[in-house]
Amino acid sequence: MDNLVNKQLIFEHFANRVTALQRQMIAEWLQHPENKEHYYAWLEEWENRNPQYAIEVETKLQQSVSRLITEQTPLYPQVDPNRPNRFLSVWQWAAVFAGLLLLGGLYTGRSYIEYRSVYTGYGEVRQVDLPDGSTVTLNANSSIRYARFGFGNQARRVHLVGEASFAVKHLSNQAQFVVSTEHNLDVIVLGTVFSVFSRPRGAKVVLQRGKVEIVQTAHRSARHITLKPGDLISLDSSGFLSMKHLPHPDAYAAWQEHQHEFDQTTLSEIAGLLEKTYGMQVTVADSALAQRTVSGTFSTRTATELSRVIADLLDVAVSQKGNQITFTKPLNP
Amino acid sequence: MSQLQPLYPDQRGKPIKVTDPDHSESRVVDSELFIRQAFDRSVREGYELLFRRYYRPLCNHAVRFVQSKEQAEDLVSEVFSNFWKGQLHLHITTSIRAYLFRALRNRIYNHLRDEFAHQRPTEDFLMDIAETEDPQQILQYTELYHRVQTVVSGLPPQCQRVFLLSRFESKKHKEIADELSISVKAVEMHITKALSLLRTALFSIWLVFLLGDLIR
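The listed protein sequences derive, respectively, from chains A and B. Here the first sequence stands for residues 447 to 779, where the numbers follow our numbering. Here the second sequence stands for residues 2 to 217, where the numbers follow our numbering.
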């Protein structure tokens with residue numbers, strides 16, 4: 447009978463599609479404590495596969511943790527009720543109270559102080575500069591969280607929900623760069639450009655350049671896999687890992703290059719973007735020119751396209767030789 | 002107890018042949034090893050991992066019973082904070098997942114009974130830890146949300162729309178009235194109707210549960 451009750455049947459039962467006889471079978475199967483574990487494991491999987499609405503986890507977690515930490519209040523002074531009351535003036539009590547409030551506030555705000563989170567809404571793509579000089583391009587409806595202080599001193603850890611591309615800067619202290627996801631999948635970077643996708647339906651990692659190592663942390667002996675450029679690794683919601691090689695890995699990260707948003711952005715900042723994102727060397731002929739600004743959203747795929755659009759807008763000349771881009775004032779004003 | 006009939010056997014159900022043995026079985030328990038190790042390092046770290054992993058499926062599960070985002074998330078949060086306060090990672094002998102689902106389903110059951118059968122909820126801090134759970138109870142809890150779903154999906158379209166806006170989205174009666182261009186009175190009428198249908202449907206389940214308790 448045990449082999450008749452399997453995941454498929456239990457899924458049918460969750461979906462209210464079993465017969466009376468099957469129900470009886472399941473009831474008997476559930477007599478074994480081990481099968482109860484299977485039941486709940488499958489329930490978890492089934493719920494992950496059949497979302498009812500968009501559930502925000504990260505902010506709820508922060509709320510929950512800060513509430514629990516403040517509730518513990520280990521900071522109250524221990525007062526022995528048998529001892530004669532010490533005489534504190536109203537003002538001294540007020541000072542104590544204010545001190546407690548302040549400590550409580552610090553405690554509550556701790557996660558806010560410790561971590562910085564960046565969120566993107568639907569249809570919003572955003573570039574985030576990390577304190578160590580690495581850049582993250584965050585796709586729509588995603589978020590990252592990283593330590594506000596000391597990022598890059600030892601390990602650089604970024605927690606990702608959603609989809610993002612990373613251009614990781616190599617540091618002289620050899621600090622590891624780790625992207626962790628909700629799928630118990632850690633990406634350890636050995637220097638490089640890659641994209642990570644971590645949505646409820648699974649996780650994917652595509653390597654564009656360099657070398658990364660994937661660690662499936664949930665596994666008993668954490669599995670390590672090293673990727674070569676063009677490798678795509680996928681993890682589905684039941685924890686199954688698969689790997690294949692892509693001929694055009696950049697296609698997986700194409701979303702990030704479609705859109706640039708500028709809001710009073712100076713030409714020198716745009717030059718920086720061209721350098722960081724596209725690896726160009728950009729020269730702006732004079733400093734007055736470098737301070738001129740551009741606003742708007744531009745859909746461009748290449749550095750050449752972007753620099754031409756900007757030059758047109760500012761009515762300046764642009765020339766490109768290899769990966770050298772130069773902005774100059776037009777010769778005949 | 003074993004004579005208990007399923008509340009609504011489904012006609013579509015067919016005997017199922019087993020062709021693919023499931024691969025994930027061996028991992029059922031030890032996939033939590035990582036979380037347990039994190040708890041050994043620090044409660045907070047373990048808690049964060051636990052929350053990130055289970056908050057979403059648990060809310061998703063709870064909302065099937067209570068049909069309200071807010072209530073579902075509150076119930077799930079209570080289960081989690083209870084876990085932290087009681088340092089339950091040190092006490093439970095099943096997987097944490099099994100504990101969380103069981104505790105949540107107990108809470109939901111009490112919550113619904115309180116809401117629809119007007120009975121005082123029992124103080125269930127200890128009930129959360131109770132690990133003896135018989136198969137019939139497990140199945141009945143699952144069938145409880147089936148029943149809720151059947152009632153809600155059987156509501157007339159407008160009544161269902163109003164009910165979900167009010168309960169799932171937690172919108173005010175006035176907002177719903179404006180959105181659907183109907184009177185506030187009509188909104189209240191629809192909600193009353195939906196709730197009374199739910200009450201009737203769930204009442205028969207309380208009877209079954211109650212009988213089960215007596216026989217046990």
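Even for Gly, the Cβ is constructed at its ideal location relative to N, Cα and C. Quantities reported herein were computed from a predicted structural model and do not represent experimental measurements.
Taking C-beta to C-beta, are residue i and residue j nearer than 7 Å?
i	j	result
Lys482(A)	Leu476(A)	yes
Val635(A)	Leu606(A)	no
Pro776(A)	Ala763(A)	yes
Tyr56(B)	Arg106(B)	no
Asn585(A)	Val574(A)	no
His90(B)	Phe40(B)	yes
Leu145(B)	Ala473(A)	no
Ala731(A)	Leu713(A)	no
Ser580(A)	Thr566(A)	no
Gly598(A)	Ala621(A)	yes
Val163(B)	Val185(B)	no
Glu74(B)	Arg103(B)	no
Lys173(B)	Leu166(B)	no
Ignore the nearest five residues each way along the sequence and tell me which others in residue i's own chain have a CB closer than 7 Å to its CB.
i	result
Arg168(B)	Gln68, Ser69
Gly725(A)	Asn769
Glu79(B)	Arg108
Thr750(A)	Gln766
Tyr485(A)	Ile456, Leu476
Thr739(A)	Gln710, Thr711, Thr712
Val728(A)	Ala717, Leu720, Glu721, Ile771
Asp129(B)	Note that Asp129(B) scores 48 on pLDDT, short of 50, meaning its location in the model is unreliable; the coordinates nonetheless yield the value given after this. Excluding residues within five positions, the ones whose Cβ falls inside 7 Å are Asn83, Ala104, Asn107.
Leu576(A)	Val582, Tyr592, Phe597
Ala195(B)	Leu156, Cys160, Phe164
Lys175(B)	Val185
Residues in the same chain with beta-carbon distance under 6 Å from residue i, minus the five sequence neighbours each way, listed in chain order, please.
i	result
Pro22(B)	Residue confidence is low: Pro22(B) scores 41 on pLDDT, short of 50, so the model does not pin down where it sits. No coordinate-derived value is stated.
Phe543(A)	none
Leu198(B)	Val152
Leu467(A)	none
Phe457(A)	Trp492
Leu673(A)	Leu653, Val658
Arg200(B)	Phe117
Phe623(A)	Arg602, Val614, Val635
Tyr48(B)	Trp85
Ala202(B)	Arg148, Val152
List, in order along the chain, the chain B residues whose C-beta lies closer than 7 Å to that of residue i?
i	result
Gln573(A)	Going along chain B, no residue has its Cβ under 7 Å from Gln573(A), so there is no contact; the nearest lies around 25 Å.
Asn587(A)	Correct list: empty, because the minimum Cβ distance to chain B is about 15 Å.
Ala473(A)	Pro136, Gln137, Leu140
On the DSSP bridge assignment, give the partners of residue i in chain order.
i	result
Ser588(A)	For Ser588(A), which the question treats as bridged, DSSP gives no partner whatsoever.
Thr729(A)	Thr772(A)
Asp575(A)	Thr581(A)
Arg562(A)	Tyr592(A)
Thr711(A)	Val740(A)
Tell me which residues share the same chain as residue i and place their Cβ nearer than 8 Å to its Cβ, disregarding the 5 neighbours each side in the sequence.
i	result
Val77(B)	Tyr56, Leu59, Cys60, Ala63, Leu105
Lys15(B)	Confidence in Lys15(B) is poor, its pLDDT being 35 and thus under 50, which makes the residue's placement too unreliable to answer from.
Gln88(B)	Val44
Asp761(A)	Pro776
Leu450(A)	Met471
Glu46(B)	Ala39, Phe40
Name, please, each residue of chain A whose Cβ falls closer than 8 Å to the Cβ of residue i.
i	result
Ile139(B)	Leu476, Lys482, Tyr485
Val64(B)	Gln498, Tyr499
How would you list, in chain order, the residues of chain A whose beta-carbon sits under 7 Å from the beta-carbon of residue i?
i	result
His147(B)	Asn462
Ser205(B)	In chain order: nothing, as chain A lies at least about 16 Å away.
By the criterion of Cβ-Cβ separation under 8 Å, what are the contact partners of residue i in chain B?
i	result
Glu490(A)	Tyr55, Pro58, Arg98, Phe102
Glu560(A)	Here the premise fails: no neighbours, minimum Cβ distance about 11 Å.
Glu609(A)	In chain order: nothing, as chain B lies at least about 17 Å away.
Taking Cβ-Cβ distances shorter than 9 Å, what residues in chain B pair up with residue i?
i	result
Val651(A)	Within 9 Å Cβ-Cβ: nothing; Val651(A) doesn't reach chain B, min ~18 Å.
So residue i contacts chain A; which residues on that side make the cut at Cβ distance below 9 Å?
i	result
Glu49(B)	Leu507, Val511
Ordered list of beta strand (DSSP E) runs contained in the region 731-778 of chain A, each at least 3 residues: 739-744, 763-767, 770-774
Complete runs of the beta strand (DSSP E) confined to the region 602-644 of chain A [at least 3 residues]: 602-614, 623-627
Every unbroken alpha helix (DSSP H) inside the region 478-516 of chain A [4 residues or more]: 479-495
Segments assigned alpha helix (DSSP H), at least 4 residues, entirely inside the region 145-177 of chain B: 158-168
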